[in-house]
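Colleague: Take the position in the sequence shown, starting the count at 1, then add 860; the result is the number in the numbering used here.
Using N, Cα and C, we set each Cβ at its ideal position, and we do this for glycine too.
It should be emphasised that the depicted structure is a prediction, and the values quoted were computed from it without experimental measurement.
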Amino acid sequence: MYFFRDKKLAKDLRNNAVTEKQTVFYFLVMSLFSTVAASGIVSFYMWSSRQYLTTVDYTYDAFVVIFLILSLTACYKINSKGNNTNFITRYICLSLPITSKTILFSILLVIPAFSYSLMTGPSLEELEAMDPNIQIEMSAAAELLFIGSQALTYLYAYWRYVTCFKIASGQKEYK
861 MYFFRDKKLA KDLRNNAVTE KQTVFYFLVM SLFSTVAASG IVSFYMWSSR
911 QYLTTVDYTY DAFVVIFLIL SLTACYKINS KGNNTNFITR YICLSLPITS
961 KTILFSILLV IPAFSYSLMT GPSLEELEAM DPNIQIEMSA AAELLFIGSQ
1011 ALTYLYAYWR YVTCFKIASG QKEYK
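Next comes the structure, spelled out in structure tokens:
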């Protein structure tokens, strides 16, 4: 079971060294990741103090759907050009280490931005005393920063999927 070694797993998948039992376990763990992530998103929308969804919210959701469609299509085409076998097995199994790495990448991306905003941004008291229009502008800037960091995170995940599907389908060597 590989949580971070996506290229090693891709090589094992190419060599048919992953058993059906291992495949089911990858699927189970990935399903748990997905359930927890979806639960957090749902609770944010349900329990958020905001009264409405912003354009940024809708843009982000659209971006996620577009990413999913593009990455699945790219992986399928790569798999088809290679040995054209086991697409679903490969996608399910590779999702665990790729998602693990992507979560780590996202955390490493967000920590510096969050630290910078804590050091340079206004305190909570200063923020509450500001003009509401300035608060809205600062909120919009923060949301755009979030969208940018998420775009980089999804591009990272896309790159991992493409690389690993090339390895798994025999189009690229991994040493």
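Tell me the rounded alpha-carbon separation between Q882 and Y920.
Modeller: Their backbone Cα atoms lie some 33 angstroms apart in a straight line.
Colleague: Should the segment 1011 to 1024 be called in touch with the segment 934 to 948, which here means at least 3 C-beta pairs below 8 angstroms?
Modeller: Short answer: they touch.
Colleague: Taking the alpha carbon of P957 as the reference point, which residue from A1011, T1013, N943, M890 has its own alpha carbon closest?
Modeller: It is M890.
Colleague: Taking the CB atoms as reference points, tell me whether S940 and V970 lie closer together than 8 angstroms.
Modeller: Not in contact: S940 and V970 (Cβ atoms no closer than 8 angstroms).
Colleague: Just how far apart, CA to CA, sit T915 and D872?
Modeller: In a straight line, the C-alpha of T915 is about 43 angstroms away from that of D872.
Colleague: In three-state terms, what does DSSP make of D921?
Modeller: Helix, per DSSP.
Colleague: Looking at C-alpha atoms only, which residue of Y1034, Y1014, T1023, E1033 is the closest neighbour of I929?
Modeller: Closest option to I929, Cα to Cα, is Y1014.
Colleague: Would you check if the distance between the CB atom of A1002 and the CB atom of F923 is smaller than 8 angstroms?
Modeller: In this structure, F923 does not lie closer than 8 angstroms to A1002 by Cβ.
Colleague: What is the rounded straight-line gap between the Cα of F1039 and the Cα of I952?
Modeller: Since the first residue of the chain shown is 861 and the last is 1035, residue 1039 is not available in this structure.
Colleague: Going by DSSP in three states, Q1031 sits in which element: helix, strand or coil?
Modeller: Reduced to three states, the DSSP call for Q1031 is coil.
Colleague: Tell me whether V1022 sits in a helix, a strand or coil according to DSSP, three-state version.
Modeller: Looking at V1022 - three-state DSSP - the assignment turns out to be helix.
Colleague: If you count every other CB in all the chains shown that lies within 10 Å of the CB of K1035, and 16 or more means buried, which is it?
Modeller: When all chains shown are included, K1035 counts as exposed.
Colleague: Leaving out five residues before and five after F947 in sequence, what residues of the same chain have Cβ atoms less than 7 angstroms from its Cβ?
Modeller: Closer than 7 angstroms at Cβ, skipping near neighbours: Y936, N939.
Colleague: I need the straight-line Cα distance from S960 to Y886, nearest angstrom please.
Modeller: Rounded to whole angstroms, S960 to Y886 spans 12 angstroms at the Cα level.
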